[in-house]
Amino acid sequence: MPTIGFPLLLIPIAIYNIVVFLMPGAVFTAPLFTLPLLSGVAWDVSFNDLVLTLGIFLLMFEFARASRPGAKYAMDHLLSLIVLVAAAAEFLWLAPFGTSAFFLLVVLAAVDFLSGLTLGLRHRAARRAMRRAAEADGMVVAPVAKPSSPPPAPAPAPVHVETRAPSRDETSPSHHPQMEVITPAIDSAPQAESLDTATLSDVGEVLKVEPSPKPDTSASPPPIIPRRD
């Protein structure tokens, strides 16, 4: 949104009016203080010198503010014109303002108004020329819209993880899913192999088993039978 620029040259003119109306009979050319120069001359500084110096510096700030593109608007030019007309009317119709110092303040106000008006017209002509050049090239200069920032993402809900201590049975090796009880296997292959290889073809001869001789019972004495009385 454009803001209205305050006319800075109104400050020295207002100071001059305050001194004239509140201090009637004051001498503006009377020296306020003296500054010795390198040449040895003592320079008497008066109220008029201070007001004019302030007006020149403020005019410089007005030029710097008016040189920016789009800095001067119609209301700014109107305020500068009002300050110029009021100062010129005081210089022409009021006796206390009929001095060389106040005349120079009126000149500064006129320079401020004319320079601001000239810079505003030049800026407008430059913008018009740039727009025509863009249309001739087939490009339309459009205002750049500021990208709207996306809404902030909602924070994720916290996840509650229940942790419990493992029981005694779960910590034992037999209940552990990754532990297995390995029993050593008895290798009985050599015995089976030895039995399988023992065949009848490996036997060279058949052993004949003779019956054992019966004992001779004829030579043995008869058994003794006990007598019963």
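Residue numbers (UniProt numbering): 1 to 229.
Here a beta-carbon is modelled for each residue, glycine too, at the ideal position from N, C-alpha and C.
Every beta strand (DSSP E) stretch that sits fully inside the region 27-65 and reaches 3 residues is listed by chain position as 31-36, 42-46.
Under the three-state reduction of DSSP output, P24 falls in the coil class, being neither helix nor strand. Between L8 and L58, the CB-CB gap stays under 9 Å. 9 Å or more divides the Cβ of L54 from the Cβ of P96. Between P31 and L52, the alpha-carbon positions lie close to 15 Å from each other. The three-state reading of DSSP puts D112 in helix, counting H, G and I together.
In the three-state DSSP reduction, P12 falls in the helix class (H, G or I). Contact annotation: F113 and L92 have beta-carbon atoms that are not nearer than 9 Å.
Take T118, set aside five residues on each side of it, and no residue of its chain has a beta-carbon closer than 6 Å to its own. By a beta-carbon distance limit of 8 Å, S115 contacts A66. Their separation comes to about 7 Å. With respect to A101, N17 sits apart: the two C-beta atoms are not nearer than 9 Å. Burial state of E62 is buried, judged by a 10 Å Cβ sphere holding 16 or more other Cβ atoms. Just so you know, the alpha carbons of D76 and L35 end up roughly 38 Å apart.
Close CB contacts of V20 within its chain, under the 6 Å cut and outside five residues either way in sequence, are with P96 (chain order).
Annotated as distal: V45 and F28, with beta-carbon spacing of 9 Å or more. A134 sits exposed, since fewer than 16 C-beta atoms from the chains shown fall within 10 Å of its C-beta.
Distance from the CA atom of P24 to the CA atom of L37, rounded to whole angstroms, is 32 Å.
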